[in-house]
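Just below is one structure, and these are the notes that go with it.
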Ligand code: ADP
Ligand code: ZN
């Protein structure tokens, strides 16, 4: 078993060209017969670490997983790529498990998934001994540790495994970062010295955003409107919240369902399976939802309220974008949510640690620095660059002198005798004539109406800042009334200035969202795009095969396919995610769809040159012809193939590529420029007088270097190359 063999299997079965960081090292470690601990974030690609050994090593890989509901999907997914996998758990009928046992005994299985109960049931070890087990993979291995957040008593029996099968390597896999849990895990499994493989927790494809928790429902509706046809999860704190939000979203015309532990098991299974199969796009759920879901095309996750700690938060947003394609996450935060959680936690045991973790969560939500840096630093990864994919990076905070604003707020609190909460203070500042304001005579307070010029939304944000900056605090023990901290006196009486961060107003945010929506509408995912067409094909094939659509091809693969629009089987096979079996089974359907899409839209078709010039005359606004060439080229077609298929001269085809490259499209342009052609052309261009034109340049190369090698299309390519890699100007 060699790295080359592993790589070949990766391409053959999964259609991927390269391993992700750590994957190959782990696989080689297993090949050498060693135990290992694998720590990777959700969606990081843990499964590959035992799936590749399964198809390259002699014997069967036994995967122990506590998530019975996932097994079927996992096995379906493997079968779809031609891997022989099966599972055994308590949900099966006897005849079914008998067939699986038979297959194992006949040595027909690459992988066998089992629940811990099944593994430890009577006689199962001796059953396994009838054939050869080449690896035990323990998925969700943190469940073995009482330290972890998901402790499962039945997992502790897994100790027996290493005692009974000392010679078979054990690979423990988890996404739980906690160091103590990890150490305990290794000890419990009897592999205390196993090498640990720790992958980065960074998930750059997930955008991070935190918004103040006001008008959440309206904000959610707008968020969803910007993302038509995308699947997502809204995490809520209570059952009631899940139901009322789902109602509201349905009223707004979206296909949403609630999910929580109070529903019947049947109902929960239906909601889950409709979500997996893209029948229900939106699920409003308590955190119970998601554990049993491997759906790779969840495109967004919203937290209606803040989770208790960053571990939970990271795990929950991690359910988005497992396929590596761009996905969005949004967290609503308000100080009130924080105090609610604080009260909930304070009652329980272990509350000191939990409270400290909650505070870290709050710091994250209130942060004015790159959120990803905070998150990764929390998971002990040092990231010193801003990510560019979070709201703080997108809108770096702008500071301003907030002294007057702070004075108004603090003096309102003082004049209200520190006996009201934030909402009342804001109502008074805004001069509300709400009955409770009048009844208490707050309209006679001097600051009444002093803050009319600002919305309560904005006031809320600034109060939040004044609290974080230590000018105010909240008396939890006394109905969350606002109190002045000592620092407030300095502002009110000693002329201390206060620097605040300008927050976006609702209006600014709305404008921004509208701009975004407009941009999205023009993006490849919009209606009628090739991506949409391919998604329809996927949906139909999934239905026919009775498996979830994402198991046919991931969103990421479809995106690449739509961009490259491959027209031959060879070109299709070069798309990441298209392995041999899927190519044979589904390839023709997708190629057919791409071809007929192209024929309907002449710009993407294999037209003749004549047709092309006509189109250019008519000012075709669809994909420009040089970009069609470009897309086919990066889709894997050769220049000759493209020229033939599109009825172009090869020189024209090259100049299309040169043009695309010059415009900034990615291309390995050096591949098209053999040897020293770039140097030769540079030299010739420098030496030949402009009046001699391109012909002169070619003649120069023919006499000074080599004849018959460089032609006009090389000149185009080098010219494009030099627009992006200019020669240093002679000094
Ligand atoms: P985990 O088990 O860590 O949550 P998975 O093993 O389910 O993650 O992998 C997540 C996704 O990443 C899957 O869609 C998988 O096909 C994909 N993937 C895994 N390894 C690679 C790779 N080397 N190249 C491209 N995609 C990969
Ligand atoms: Zn950032």
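Residue numbers (my numbering): 43 to 773. Glycine included, each C-beta is placed from N, C-alpha and C at the ideal position.
7 Å CB neighbourhood of residue i in its chain, flanking five on each side removed
i	result
residue 321	none
residue 261	253
residue 442	542, 544
residue 453	489, 534
Spatial neighbours of residue i in its chain, beta-carbon cut-off 8 Å, leaving aside the 5 residues before and after
i	result
residue 400	350, 351, 380, 383, 384, 387
residue 648	For residue 648, the pLDDT reaches just 41, beneath the cut-off of 50, and the residue's location in the model is therefore unreliable, leaving the point undetermined.
residue 623	55, 122, 123, 124
residue 344	262, 265, 274, 275, 276, 277, 371, 372, 373, 374
residue 523	460, 461, 462, 463, 516, 517
Coarse secondary structure for residue i, derived from DSSP in three states
i	result
residue 216	strand
residue 369	strand
residue 254	strand
residue 163	coil
residue 420	helix
residue 718	coil
residue 427	coil
residue 703	helix
residue 515	strand
residue 525	strand
residue 650	Residue confidence is low: residue 650 scores 40 on pLDDT, short of 50, so the model does not pin down where it sits. Its coordinate-derived value is still stated next. Looking at residue 650 - three-state DSSP - the assignment turns out to be coil, as it is neither helix nor strand.
residue 322	coil
residue 102	strand
residue 752	coil
residue 238	strand
residue 747	coil
residue 178	strand
residue 412	coil
residue 459	coil
residue 405	helix
residue 193	coil
residue 249	strand
residue 440	strand
Given residue i as reference, the closest of the options once Cα atoms are compared
i	options	result
residue 346	327, 366, 374, 357	374
residue 604	593, 578, 627	578
residue 580	540, 636, 526	636
residue 203	137, 708, 187, 180	180
residue 845	226, 421, 591	Residue numbering for the chain in the displayed model covers 43 to 773; residue 845 lies beyond these limits and cannot be assessed.
residue 525	463, 601, 218	463
residue 712	735, 667, 767	767
residue 613	433, 633, 448	633
residue 289	271, 304, 256, 324	324
residue 494	476, 505, 470	470
residue 53	616, 480, 182, 250	616
residue 318	594, 43, 244	594
residue 710	243, 677, 376, 256	677
residue 707	672, 134, 377, 472	672
residue 280	300, 692, 136, 550	300
residue 574	257, 271, 117	271
residue 501	198, 466, 476, 517	466
residue 186	176, 197, 177, 178	197
residue 341	172, 327, 363, 702	363
residue 294	259, 310, 336	259
residue 284	304, 354, 426	304
residue 492	473, 477, 505	473
residue 118	337, 448, 436	337
Cβ shell of residue i (< 6 Å), same chain only, five flanking positions each side left out
i	result
residue 503	254, 545
residue 704	762, 765
residue 366	247, 598
residue 368	247
residue 661	Below a pLDDT of 50, predicted positions are generally treated as unreliable, and residue 661, at 36, falls in that range; the measurement from the model is reported next regardless. Excluding residues within five positions, none has a Cβ falling inside 6 Å.
residue 756	719
Check: residue i C-beta below 7 Å from any heavy atom of the ligand NAD
i	result
residue 609	Summarising the ligand content, the structure contains the ligand ADP and the ligand ZN and does not contain the ligand NAD.
| message | Does the stretch 71–79 come into contact with the stretch 235–252, if we say contact requires no fewer than three beta-carbon pairs (one atom in each stretch) closer than 8 Å? | response | The stretch 71–79, when compared against the stretch 235–252, does touch it at the 8 Å Cβ threshold.
| said: Does the contact criterion of 3 or more C-beta pairs under 8 Å hold for the stretch 162–174 versus the stretch 82–95? | reply: no
| said: Whether or not the stretch 98–109 and the stretch 145–152 are in contact is what I'm after, with contact meaning three or more pairs of Cβ atoms, one per stretch, closer than 8 Å; do they touch? | reply: yes
| request: Would you be able to state if there are at least three C-beta pairs under 8 Å between the stretch 719–726 and the stretch 745–752? | output: Under the three-pair Cβ rule at 8 Å, the stretch 745–752 counts as touching the stretch 719–726.
| query | Between the stretch 357–377 and the stretch 262–277, do at least 3 Cβ pairs fall closer than 8 Å? | reply | yes
| said: Across the stretch 511–519 and the stretch 528–535, are there enough close Cβ pairs to call them in contact, namely three or more that are closer than 8 Å? | reply: yes
| said: Three Cβ pairs or more, each shorter than 8 Å: is that satisfied between the stretch 472–491 and the stretch 446–459? | reply: By the C-beta criterion, the stretch 472–491 is judged to be in contact with the stretch 446–459, since at least 3 inter-stretch pairs fall below 8 Å.
| query | Is the stretch 80–89 touching the stretch 208–228, taking contact as three or more C-beta pairs under 8 Å? | reply | yes
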